[in-house]
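Take the sequence shown: its letters are residues -2 to 380, numbered as in my numbering.
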Amino acid sequence: MPHDSQSLPAILGGSPVRPQGPPDWPPPDPAIADVLRQMLADGSWGRYHGPHLPNLIEQLSRLHGCEFAIPCCSGTAAVELALRAIPVRPGDEVVLAGYDFRGNLQDVLAVGGIPVLVDIRPDNWNLDTAALPAAIGPQTKAILVSHLHGGVVNMPAVRQIADERGIAVIEDACQMPGAWVYGRRAGTWGDLGVLSFGGSKLLSAGRGGAVLTSQPAMAQRIRLWTQRGNDTYPLSELQAAVLVPQITSLDQRNHQRAVAIDWLRPQLRNLGLTPFAVGDPDSQPGYYKLGLQYPPEAFAGLSRDRFAEAVRAEGIAIDPGFRALHRSHAASRFRVSGHLEEATRADAGILTLHHPVLLGTAEDWGEIITAIEKIGRHASALQ
Ligand SMILES: *Cc1c(COP(=O)(O)O)cnc(C)c1O
-2 MPHDSQSLPA ILGGSPVRPQ GPPDWPPPDP AIADVLRQML ADGSWGRYHG
48 PHLPNLIEQL SRLHGCEFAI PCCSGTAAVE LALRAIPVRP GDEVVLAGYD
98 FRGNLQDVLA VGGIPVLVDI RPDNWNLDTA ALPAAIGPQT KAILVSHLHG
148 GVVNMPAVRQ IADERGIAVI EDACQMPGAW VYGRRAGTWG DLGVLSFGGS
198 KLLSAGRGGA VLTSQPAMAQ RIRLWTQRGN DTYPLSELQA AVLVPQITSL
248 DQRNHQRAVA IDWLRPQLRN LGLTPFAVGD PDSQPGYYKL GLQYPPEAFA
298 GLSRDRFAEA VRAEGIAIDP GFRALHRSHA ASRFRVSGHL EEATRADAGI
348 LTLHHPVLLG TAEDWGEIIT AIEKIGRHAS ALQ
């Protein structure tokens, strides 16, 4: 349908740029249809054991070059298992970014640990490694690092800081499975890496996750915690079966998403939105979300939330990001190291573009730009 770019924003009663809304996720995949048909025919969809989970473990270990890949029921559970593997015990401190996935802070609390929040980098709102040394004290047991919204954390620096002090590193790669971070696969810089297979994620089984490690003692602690005569944090055969074909196509899809982002970056910047810097020229991040810094002054003072609502109404999946952890939790639940100036800015100023459209066509990408231009033109009327 040809779109009249001068028309009113959809939120004010005009016609949306993309009436069909954002693309669905997960997309149709013949390889998944095949395996599901086969499981239906032979009854393996309902069994405890079969070939699919061992196959998934094999694929994940090979992709990451790690000794152990331990599937579990979610990324949040995987972070908890990683903390228990170290082990983080009651009273131990875990350093993480003040802007991070909410479940990560909650997981630290769940094992009795004390979260210590540090600030994020101004250019990509991912953990600022320069803030780490001051945050580390005698109680520090681990650093929990997430690569978020298409930015990567400087893992060589994290590794060096942790190694000099004998501290463990958990690397949360939930948002970028298969990505390249300073020359290695995301999730392999940490003593433990974490993946999510949640319904919106790049590898999707509706629910699920995995812990990656090459340290036998850590893998053994996870086994002892999860195996209680039964698997307490299970991933099923059915979930494993739909993940295997997605691992096969992961590199190719990550490449397609990166091509889309290369196209979008300069256009978004021209419109006043600043896409997250990658953080390292030799890294190839994954794009579960593309983070954008939103300056209200470039849009007639329109609030971030109202802007997101208006773009959403045009059929484009742009949303506010996470809440900063110190803004969304009682101060008694964490310690702060240094100031959290950038995390505070991120709390109010971040937008994220959701990934499914990145596997679409140049026309789909163009609609993102058209929608943002349209909202920009009507920014004053949208106040
Ligand atoms: C999604 C996500 C998780 C948790 O994964 P679930 O499978 O949804 O529990 C953890 N960390 C980050 C950075 C995530 O984006």
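Glycine included, every Cβ here is placed at the ideal spot set by N, Cα and C.
Being a predicted model, the structure only gives us computed values, none of them experimental.
Sequence-distant residues of its chain with Cβ nearer than 6 Å to residue i (five each side left out)
{"i": "P(-1)", "result": "Because the pLDDT at P(-1) is just 46, under 50, the model does not fix this residue reliably, and the point stays unresolved."}
{"i": "I365", "result": "I313"}
{"i": "L33", "result": "none"}
{"i": "A128", "result": "V115, D116, G335"}
{"i": "A307", "result": "P6, I8, I372, L379"}
Residue i Cβ short of 6 Å to ligand 1 heavy atom set
{"i": "S334", "result": "no"}
{"i": "Q253", "result": "no"}
{"i": "S4", "result": "no"}
{"i": "Q264", "result": "no"}
{"i": "T229", "result": "no"}
{"i": "D169", "result": "yes"}
{"i": "S381", "result": "Since the first residue shown for the chain is -2 and the last is 380, residue 381 is missing from the structure and cannot be characterised."}
{"i": "G95", "result": "no"}
{"i": "S193", "result": "yes"}
{"i": "F273", "result": "no"}
{"i": "T223", "result": "no"}
{"i": "F65", "result": "no"}
{"i": "T73", "result": "yes"}
{"i": "Q212", "result": "no"}
{"i": "Q388", "result": "Here the chain covers residues -2 to 380 and nothing more, so residue 388 does not appear."}
{"i": "G206", "result": "yes"}
{"i": "F296", "result": "no"}
{"i": "F319", "result": "no"}
{"i": "G47", "result": "no"}
{"i": "G190", "result": "no"}
{"i": "G100", "result": "yes"}
Residues near residue i by beta carbon distance below 7 Å, same chain, minus five either side
{"i": "A131", "result": "S334, G335"}
{"i": "C63", "result": "T185, L209, T210, S211"}
{"i": "G346", "result": "Q290, Y291, R301"}
{"i": "N101", "result": "V76, L93, L141, S143, D169"}
{"i": "A305", "result": "I315, D316, P317, L348"}
Residue i - containing beta strand (DSSP E), residue span
{"i": "Q290", "result": "286 to 290"}
{"i": "L106", "result": "Not the beta strand (DSSP E): L106 falls in the alpha helix (DSSP H), residues 99 to 107."}
{"i": "F65", "result": "65 to 69"}
{"i": "V208", "result": "206 to 210"}
N-terminal and C-terminal residue of the alpha helix (DSSP H) that residue i is part of
{"i": "S377", "result": "376 to 379"}
{"i": "V115", "result": "Counting along the chain, V115 falls outside any alpha helix (DSSP H), though it belongs to the beta strand (DSSP E) covering 111 to 115."}
{"i": "E90", "result": "Premise fails: E90 lies in the beta strand (DSSP E), 90 to 94, not in any alpha helix (DSSP H)."}
{"i": "N227", "result": "Segment: none, N227 is in no alpha helix (DSSP H) and carries neither H nor E."}
{"i": "Q236", "result": "234 to 245"}
{"i": "R86", "result": "From DSSP, R86 is part of no alpha helix (DSSP H); its letter is neither H nor E."}
{"i": "D21", "result": "Where D21 is concerned, there is no enclosing alpha helix (DSSP H), given that its DSSP letter is neither H nor E."}
{"i": "A310", "result": "301 to 310"}
Cβ of residue i within 7 Å of any chain C Cβ
{"i": "V150", "result": "Reference to chain C is not applicable here, since this structure consists of a single protein chain."}
Cutoff 8 Å; reference residue i; Cβ partners in own chain excluding five residues on either side
{"i": "R320", "result": "R99, D344"}
* Write down every uninterrupted run of the alpha helix (DSSP H) in the region 313 to 358 whose length is 4 residues or greater and which is fully enclosed by it, in chain order. => 322 to 325, 338 to 346
* Jot down the residue ranges of each uninterrupted alpha helix (DSSP H) in the region 119 to 191, minimum 4 residues, whole runs only, in chain order. => 129 to 132, 152 to 162
* State whether the region 182 to 194 contacts the region 109 to 122, with contact taken as three or more CB pairs (one from each stretch) at a distance under 8 Å. => no
* Specify whether the region 249 to 265 and the region 217 to 227 touch according to this definition: at least 3 beta carbon pairs, one from each stretch, less than 8 Å apart. => no
* Could you tell me whether the region 344 to 358 touches the region 308 to 316, where touching means 3 or more Cβ pairs closer than 8 Å? => yes
* Entirely within the region 23 to 57 and at least 4 residues each: give me those alpha helix (DSSP H) ranges in chain order. => 27 to 39
* To do: Tell me, please, whether the region 43 to 63 touches the region 261 to 272 by the rule of three or more beta-carbon pairs shorter than 8 Å.
  => no
* Asked: Counting Cβ pairs closer than 8 Å, one from the region 76 to 94 and one from the region 238 to 253, do we hit at least three?
  -> no
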